Structure formats: C-alpha cells, structure tokens
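Numbering-wise (the numbering used here), the sequence shown opens with residue 41 and increments by one. For glycine and all other residues, C-beta sits at the position ideal for the given N, C-alpha and C. No experiment lies behind these values; they were computed from the predicted model shown. Everything below concerns the one structure shown next.
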Amino acid sequence: MRTALKGLGVAGVLVFTLFPVYLMVVTALNGEANAGSRTLWPADWTLENFIYVIGDGGFGQYLTNSLLVALGTVLAGAALALLAAVAVARFRFRLRTSVLVMILIIQMVPVEALVIPLFIQARNLQMLNTLAGLVVVYLAFSLPFAIWTLRGFVAAVPVELEEAAYLDGASWGRMFRSVLLPLVAPGLVATSVFSFIVAWNEFIFALTFMSDQDNYTVAVGLRRFFGQHATDWGAVMAASTLITIPVMMFFVIAQKRLTEGLVAGAVKG
C-alpha cells in the first residue's frame, strides 16, 4: 500500500512538472493555436510555427547569439574559476579570508541594483551592443558561485597526491593537468551548468545592453512575438520549445558528471 501511494505521488509530481512542457510543445505544433484552439490534442498538426520563428521571426540568429554567449561564459568561467579556486584553497596569502567573504557578499547584491553601474561601465569600455560585453557581465555573476563551489572540490583533493606527483618529477603544470584537473572535473561540470543557465536565461542585461536586434539573445527575441493588442501563441510556444531544447541537451550530456559533482562536493569544504 505504501509503495502504491509513493508511486502515485511520484506520478502526480511528474504530471504536474511535465504538463506545461507538453502543453507548450502541443501548442507549437497546433495549426489553429492563434484561432483560439486550446485542445490537448490538436486536429491540425503543423511545423509552420517553427518555420516562421526560425525564418521570418529571426529566431535562428537569436539562438546563435545565445549559444555563443553561453558557451563563452561557460568556457571562460570554468578556466577562471578553477584557477581562482586553486589559489584560495591551496595557497595562503594576505586577505585570503576577505576575498572569500567578498565572493559571498557579491552573491547577495540584487541584479537590478547593478544594471545602471554596469551599463555605464560597459559604455565607457565601448562594450555595449556586443556579445563579448554580455559574456563579461555574465562572468561577473557566475564566477563568485563557481569559485566558492570549486574551492570545496579542490580542498577535497588530498595534498599527498600532488606531493607524490612532484616527487615523480612532474612540474606544476603537469600535476595540474594529470592529477588535479581530472579529480575536480565533476565540480567543473556542476559550475558549468550554473553558468550556462545564467547566460541562457538572463533577460535584463541582454535587453539593456543590446540596441541592435541582430544581437538579441533568445530571452529578448521572444518578446518579438508578443504584440500590443494580440499575441502569436503558436510562434511564442515554438520559440519557447526551441529555447528549451539546448538546455535539455546540455543537461543530458552533463548529467552523469553533474550527479558525481553534487555528491563529491558534499564530502569536504
């Protein structure tokens, strides 16, 4: 009886979680979505909404922009966060504790409070309306969390392993590549997922920093299908489906390493 109740509970949670996704995909494939049809199983199935969104809607360019920004944030963030995490976990220097505290404080500042200062700074550096400018901004928000998380992974690696590599004649670079990097790889994946989500879903900075429509990301480009007096629901749901697919693919690829990273990160801080 208890097993049956647990099964019903799990099934209920799955239905509650997946039903909005199902409704989104069905509406995107519904040829009568803009005619007031809200059926759970449309009679007219079509790919016209996707064709319109990618072609005339310009969403293909928005997807490309978001992928470039997200991948740039993930790669640069992983490299910088790993080096910073090694520094704060392995080396002792003045103001080390203050640096760690500042990393935590940065996470507490509301995003809205930073829009104007960052906009002025980006304008002075001539980085407005550029994808590189967005990458720099997203790095500023994802790096503190990534550094703090990776610090725990680096600290969990026994120092004796590094010393053994040195005794075998390995340089610091060789030890870093062959010993430390493979052991903290799960943590890199976990922080990369966070960085990807930050860069992919962010809206405020992408809207504020971008004046050229060709540089819009998917979060900003989705507004194009919302009119003042009417909304193209077929296009909105098709675009939303396209936004969801890269995130799902990223999670599927990183799932195994992400699980290992979450477990390993709880071992030692």
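* With DSSP run on the structure shown, which of helix, strand or coil describes LEU54? -> Position 14 of the sequence shown, counted from the start, is the residue given in the question as residue 54. In this structure, LEU54 counts as helix in the three-state DSSP scheme.
* By how many angstroms is the C-alpha of MET41 removed from the C-alpha of ALA51? -> The residue you call residue 51 lines up with position 11 of the sequence shown. The residue you call residue 41 lines up with position 1 of the sequence shown. Answer to the nearest angstrom: the Cα atoms are 15 angstroms apart.
* To do: Counting only the same chain and skipping the five closest in sequence on each side, list residues whose C-beta sits under 6 angstroms from that of VAL303.
  => Within the sequence shown, numbered from 1, the residue matching residue 303 stands at position 263. Residue placement at VAL303 is poorly supported in this model, since its pLDDT is 48, which falls under 50; the coordinates still yield a value, given next. Once the five neighbours on either side are set aside, VAL303 has no close Cβ partner at all.
* Nearest candidate by alpha-carbon position, reference ALA125, set MET167, VAL194, PHE236 and MET277 -> Stepping through the sequence shown from its first residue, residue 125 is reached at position 85. If we check each option's Cα against that of ALA125, VAL194 comes out closest.
* **Sheet register partners of TRP85 (DSSP bridge)** => Mapped onto the sequence shown, residue 85 falls at position 45. Answer by DSSP bridge pairing, in chain order: ASN70.
* Asked: Does the region 246-264 come within contact of the region 132-140, defined as at least 3 CB pairs closer than 8 angstroms?
  -> no
* Per DSSP, what kind of secondary structure is PHE266 in: helix, strand or coil? -> Locating residue 266 in the sequence shown gives position 226, counting from the first residue. PHE266: strand per DSSP, three-state reduction.
* **Anticipated Cβ contact below 8 angstroms, LEU183 with GLY117, distance rounded** => Residue mapping note: residue 183 aligns to position 143 of the sequence shown, counting from 1. Residue mapping note: residue 117 aligns to position 77 of the sequence shown, counting from 1. So it is a contact: roughly 6 angstroms between Cβ atoms.
* **LEU45 versus VAL176 - alpha carbon distance** => Taking the sequence shown and counting its residues from 1, one reaches residue 45 at position 5. Taking the sequence shown and counting its residues from 1, one reaches residue 176 at position 136. Distance between the alpha carbons of LEU45 and VAL176: 49 angstroms.
* Indicate whether the contact test is met: 3 or more Cβ pairs, each with one atom in the region 83-94 and one in the region 58-72, closer than 8 angstroms. => yes
* **Cutoff 7 angstroms; reference MET215; Cβ partners in own chain excluding five residues on either side** => Numbered from 1 along the sequence shown, position 175 holds the residue referred to as residue 215. Taken in chain order, the residues that qualify are GLU202, ALA205 and TYR206.
* Asked: Exposed or buried, PHE245, counting other C-beta atoms within 10 Å across all chains shown (16 or more means buried)?
  -> Within the sequence shown, numbered from 1, the residue matching residue 245 stands at position 205. With 16 or more Cβ atoms within 10 Å of its Cβ, PHE245 is classed as buried.
* Asked: Is VAL238 buried or exposed, if buried means 16 or more other CB atoms sit within 10 Å of its CB?
  -> Counting from one through the sequence shown, the residue named residue 238 turns up at place 198. Burial call: buried.
* Mind checking whether TRP188 and LEU144 have CB atoms under 8 angstroms apart? -> Taking the sequence shown and counting its residues from 1, the one referred to as residue 188 is at position 148. Taking the sequence shown and counting its residues from 1, the one referred to as residue 144 is at position 104. Closer than 8 angstroms, so yes.
* Asked: How long is the line joining the alpha carbons of ARG191 and LEU122, rounded to whole angstroms?
  -> Here residue 191 refers to the residue found at position 151 when the sequence shown is read from its first residue. Here residue 122 refers to the residue found at position 82 when the sequence shown is read from its first residue. When rounded, the distance between both Cα atoms is 8 angstroms.
* **Beta-carbon proximity of ALA294 to VAL229, cut-off 8 angstroms** => Here the question's residue 294 lines up with position 254 in the sequence shown. Here the question's residue 229 lines up with position 189 in the sequence shown. Contact: yes.
* **Cβ shell of ASP153 (< 8 angstroms), same chain only, five flanking positions each side left out** => Walking along the sequence shown from the start, residue 153 turns up at place 113. Inspection of the sequence shows that residue 153 is occupied by Ala rather than by Asp. Hits under 8 angstroms: none found.
* Where does LYS308 fall in DSSP's three states? -> Within the sequence shown, residue 308 is the residue found at index 268, counting from 1. Note that LYS308 scores a pLDDT of 43, beneath 50, so its modelled location is shaky; the value from the coordinates is reported in the next line. DSSP places LYS308 in coil when its eight states are reduced to three.
* THR231 by DSSP, collapsed to three states: which one? -> By one-based count along the sequence shown, residue 231 stands at place 191. If DSSP states are grouped into helix, strand and coil, THR231 belongs with the helices.
* Which value, in whole angstroms, describes the spacing of the CA atoms of ALA278 and TRP240? -> Within the sequence shown, residue 278 is the residue found at index 238, counting from 1. Within the sequence shown, residue 240 is the residue found at index 200, counting from 1. Computed Cα separation, rounded: 17 angstroms.
* **Residue span of the alpha helix (DSSP H) that contains LEU111, given as start and end** => As a working mapping, residue 111 is identified with position 71 in the sequence shown. 99-130 is the span of the alpha helix (DSSP H), which, as asked, contains LEU111.
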